[in-house]
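First the structure, in the form of structure tokens, and then the observations on it.
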Amino acid sequence: MGTRGVTTAGTSLTGSLTRAARAVAARVEQVLAKEGLTLDQWLVLDTLSGKGGLAMADLADRTLATAPTLTRVVDKLVTTAQAYREVDAADRRRVLVHLSARGRATHRRVAAKVSEVEARLDVPDEVLVALRELGD
């Protein structure tokens, strides 16, 4: 058993996590492509689900997308009527992004399919907890 953060048998934690993330993303992207969505679009839809609306900076923090990427993604979601922008009533300098009814329906439909892909990966609960803690 290796020491945390130390390369063991030629595989670092960073390398292992990167390969795992890319493998999971590739499987999810197969489902998303059939729905006409990119992974970044899905991450925004998923982040906005259950929320009243988020500012672009909050969306960027939660999706880890760069500002230019996030702008393109939100523009596309607005163009396809999955989301809409609204000036924040509390601070008129801020613009909030919300899911539209169509976006909520898309999220419900696609979330079930993404969940199926994730369930087939059969990741133990303790690993999921550890990964979530890393992201916090």
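Residue numbers (this note's numbering): 431 to 566.
All C-beta atoms in this analysis are idealised placements derived from N, C-alpha and C, irrespective of residue type, glycine included.
Can you tell me where the alpha helix (DSSP H) holding L551 begins and where it ends? Here residue 551 refers to the residue found at position 121 of the sequence shown. Element bounds for L551: 531-551.
Opposite A485 in the DSSP bridges: which residues? For the purposes of this step, residue 485 is taken as the residue at position 55 of the sequence shown. BP columns for A485 point to L526.
Among the candidates T510, Y514, T493, whose CA atom is the shortest distance from the CA of G483? The residue labelled residue 483 in the question sits at position 53 within the sequence shown. With distances taken between Cα atoms, G483 lies closest to Y514.
Just tell me which of L467, L478, V517, M486 has its CA closest to the CA of K543. Sequence index remark: in the sequence shown, residue 543 carries index 113 (1-based). A check of alpha carbon separations from K543 across L467, L478, V517, M486 identifies L467 as the nearest.
Check the DSSP bridge columns for R515 and list the partner residues they point to. Sequence index remark: in the sequence shown, residue 515 carries index 85 (1-based). Paired residue(s): V527.
For T477 and R492, believed in contact at Cβ under 8 angstroms, the rounded distance: Within the sequence shown, residue 492 is the residue found at index 62, counting from 1. Within the sequence shown, residue 477 is the residue found at index 47, counting from 1. So it is a contact: roughly 5 angstroms between Cβ atoms.
Does the count of Cβ pairs from the stretch 456-470 and the stretch 536-550 closer than 8 angstroms reach three? As far as the Cβ criterion goes, the stretch 456-470 touches the stretch 536-550, which means the pair count is three or higher.
Under three-state DSSP, which class holds L564? By one-based count along the sequence shown, residue 564 stands at place 134. Helix, per DSSP.
For my contact list, R490 and L475 are in at a C-beta cut-off of 8 angstroms; report their separation, rounded to the angstrom. In the sequence shown, the residue the question calls residue 490 occupies position 60. In the sequence shown, the residue the question calls residue 475 occupies position 45. The displayed chain sequence assigns Ala, not Arg, to residue 490. Not confirmed; about 15 angstroms, so no contact.
Grab the span of the alpha helix (DSSP H) containing T509 for me, first residue to last. Indexing the sequence shown from 1 puts residue 509 at position 79. From DSSP, the alpha helix (DSSP H) with T509 extends over 497-509.
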